[in-house]
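Engineer: Just dropping this structure here.
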Amino acid sequence: RSLQSVKWLAGLLLSTGPFLVSPIVARAQVSAGEIVGTVTDPSGAVLPGVQIEATHLATNQKFSTTVTAIGNYLLSAIPVGDYRVLAQQTGFKASVTETSVFTGRTTTVNIQMVLGALSDQVTVKADTAPLLQTTSAEVSTVLERNVIMDLPVMLNDTSANASGRRQIEQFEFLTPGVTGSPFSKSFNGSPDLSQEAIVDGVPIGNGGGTPGFIAQWTPPYESVQEFKVSSSLYPASEGRGFGITNFTMKSGTNEFHGDAFYIVNNDKFNARGFFAAERPAIRQNNFGFTIGGPIKKNKTFFFGSFERYILRTGAASRGLVTLPSIPFRSGDFSQLTDPSTGQLIPIYDPATTRDDGAGGFTRDPFPGNKIPSARFSVIAQRVIGLLPTPDYPGIVNNWIDRSESPLFDRVWSLKIDHNFNDKHRVNFSIWDPYSPINPHGPLGRGQLLDSGDWPNLSNGRCLRFNYEWTPKPNLINHFAFGWSLTGGPRLADVHKGSKILQVPGVDPNAPGFTSFNIPGMPEFGDSDQQPSIPQANHST
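Numbering follows this note's numbering, in which position 470 of the sequence shown is assigned residue number 1055; successive positions increment by one, without gaps.
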């Protein structure tokens, strides 16, 4: 039995031993990256014991390790950015390699030491963007900062987004295999709504049934450093579903940097289309700023961003809709004629209903096609009193459609990074998108009977906290916490229709307004305008 135990232990050591001495370990933080490589002497033989130190150029953070007995080294879970990798060993010249680390990617830096004095130095510029990733079978694409900032992006694609401002998600469709829209996308033909979105190492929790869609939680466009789209063969530790979009928020550096922007689209600056009689009305303003820098050099950094987006549009020639004419509102339907024959369309008095002697019923028309005011419903009179006066005479197409869906988006973000020492570091990020929507129907702003005059709110607040403890080079402990709040309430109407109309048997304090549908006219009122304040909290 003891011999079997020895054999079992030997088998375990043989199977796990390579992992214990090899630098290849699971990624501790999916929003970070790693540097791996092999160190050799001039003859090509592996060179153990070499001291490796990688310095993050923007923050002067240093990450160190020692080359293993088999000649490999690993610097895992290090922030994205540009690095200087220093290799030192007595009897060899110091080797300095400049490279870059990307979100969720492994950067390979193989080093061949040169004989000489340690005080001498050999500098190498590494290939930071190899065409083939040899350390992983993962199929993924990293969109770097310069791509995000340099390529054009649509501003007011409100059909597929919860917001009209610039959406960082739109760049996903530059990567192979990604199709659809930001709301409902597919990776390599996978089902819609089957992906996962990660921001600063923590998934976006979505209880609304739209996995992978982050518009309600989209951070400011200029606050994203870069992101990676993984479509297949990604590690199980990085997520679930049929694809992952992994965003890394921008961090501050040892230097103060900032920018301000203003993007404007105004019909006053636009040319009229060749076949258009007028220029379409549009007022589109997108502005904001970013600022980042050190709170304490080499230790604590911040990066903040603010963005505002305002959109107001209108048709160059607004359409016409029909409202009851002034005579109609007083009960005078003498102008109600058949447009094809010109014959009067009679209005029959229901109070004169009687047996016609042939098994049916008959009624008499109102004299002069006019309904006496004494026959008016009190509630109907109150409704009529809320209708605006038509813009034009006539009984059809007498009101200019005032429909509008303005947007007033606002979003801000803040990220704090702090390095206690080379073994302990934390980062905290928060962003708060806010998108009140107040569309107006054909009657226009402020009309109680307007079917679209209801306010809506789309907002989402997100927090991220990451703590990393590296007790030794081949052991990393990572703790991540994320919290996402989503709330898209349809705000309760301050006008209580039941109280205004005084409908018997109905709660006068009930919000909303009873809807009326008259053929040939726009809907009046909005019965769906009920108090609804759904909120969902997601913690990871």
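For every residue, glycine included, the Cβ atom is placed at its ideal position computed from N, Cα and C.
Which residues in the same chain have their Cβ closer than 6 Å to the Cβ of residue 884, if we skip the five residues on either side of it in sequence?
Structural biologist: Cβ within range, chain order: 1004.
Engineer: Compare the C-alpha of residue 804 against each of 833, 828, 1029 and name the closest.
Structural biologist: Answer by Cα proximity: 833.
Engineer: Looking only at its chain, what residues have a beta carbon closer than 6 Å to the beta carbon of residue 976, apart from the 5 residues adjacent to it on each side?
Structural biologist: So the list reads 984, 985, once near-sequence residues are dropped.
Engineer: Taking only the alpha-carbon atoms, compute the straight-line gap between residue 811 and residue 728 and give it to the nearest angstrom.
Structural biologist: Their Cα atoms are separated by approximately 6 Å.
Engineer: Tell me the rounded alpha-carbon separation between residue 708 and residue 835.
Structural biologist: Cα-Cα distance, rounded: 28 Å.
Engineer: Taking the DSSP output, what are the residues bridged to residue 827?
Structural biologist: Bridge partners of residue 827: none, in fact.
Engineer: Does residue 1102 come out as helix, strand or coil in the three-state DSSP assignment?
Structural biologist: It is coil, neither helix nor strand.
Engineer: Where does residue 851 land, buried or exposed, given buried means 16+ other C-beta within 10 angstroms?
Structural biologist: It counts as exposed.
Engineer: The beta strand (DSSP E) with residue 770 in it runs from where to where?
Structural biologist: Here the beta strand (DSSP E) through residue 770 covers 770-772.
Engineer: In chain order, what residues of the same chain have a beta carbon less than 6 Å from the beta carbon of residue 1009, not counting five sequence neighbours either side?
Structural biologist: The residues are 1054.
Engineer: Would the beta-carbon of residue 584 fall within 8 Å of that of residue 908?
Structural biologist: No answer is possible for residue 584: it lies beyond the span of the chain, which begins at 586 and ends at 1125.
Engineer: Determine whether the beta carbon atoms of residue 814 and residue 763 lie at a separation below 8 Å.
Structural biologist: Contact flag set, yes.
Engineer: What are the boundary residues of the beta strand (DSSP E) that includes residue 575?
Structural biologist: The first residue shown for the chain is 586 and the last is 1125, placing residue 575 beyond what the model contains.
Engineer: With DSSP run on the structure shown, which of helix, strand or coil describes residue 1028?
Structural biologist: Of the three classes helix, strand and coil, the one that applies to residue 1028 here is coil, per DSSP.
Engineer: At 3 residues or longer, what runs of the beta strand (DSSP E) sit wholly inside the region 666-740?
Structural biologist: Runs found: 666-673, 679-686, 691-693, 706-710, 724-728.
Engineer: State the DSSP-derived secondary structure class of residue 954, mapped to helix, strand or coil.
Structural biologist: Note: residue 954 maps to helix in three-state DSSP.
Engineer: At what residues does the alpha helix (DSSP H) containing residue 879 begin and finish?
Structural biologist: Note, residue 879: premise wrong, no alpha helix (DSSP H); beta strand (DSSP E) at 866-881.
Engineer: Is it a yes or a no for the region 647-661 touching the region 1086-1097, going by three-plus beta-carbon pairs under 8 Å?
Structural biologist: Result no; under three Cβ-Cβ pairs closer than 8 Å.
Engineer: In this structure, does DSSP put residue 760 in helix, strand or coil?
Structural biologist: It is coil, neither helix nor strand.
Engineer: Please state the DSSP three-state secondary structure of residue 807.
Structural biologist: Correct three-state label for residue 807: helix.
Engineer: Helix, strand or coil, according to DSSP, for residue 1087 in the structure here?
Structural biologist: In this structure, residue 1087 counts as coil in the three-state DSSP scheme.
Engineer: Any idea if residue 675 is buried or exposed, counting beta-carbon neighbours within 10 angstroms, 16 or more meaning buried?
Structural biologist: By the 10 Å Cβ count, residue 675 comes out exposed.
Engineer: For the region 963-982 against the region 873-882, are there 3 or more C-beta pairs whose distance is under 8 Å?
Structural biologist: At 8 Å Cβ cutoff, the stretches do not touch.
Engineer: Rounded to the nearest angstrom, what separates residue 886 and residue 1051 at their Cα positions?
Structural biologist: Taking the straight line joining both Cα atoms gives about 15 Å.
Engineer: Give the secondary structure of residue 822 by DSSP, where H, G and I count as helix, E and B as strand, and everything else as coil.
Structural biologist: Residue state, collapsed to three classes: helix.
Engineer: Starting from residue 964, trace the alpha helix (DSSP H) both ways and give me its first and last residue.
Structural biologist: Unbroken alpha helix (DSSP H) run through residue 964: 963-970.
Engineer: Going by C-alpha to C-alpha distance, which of 677, 927, 951 sits closest to residue 938?
Structural biologist: Out of 677, 927, 951, 951 has the C-alpha closest to the C-alpha of residue 938.
Engineer: For residue 962, count the other beta carbons within 10 Å of its own beta carbon; 16 or more makes it buried, fewer makes it exposed. Which is it?
Structural biologist: Flag for residue 962 reads exposed.
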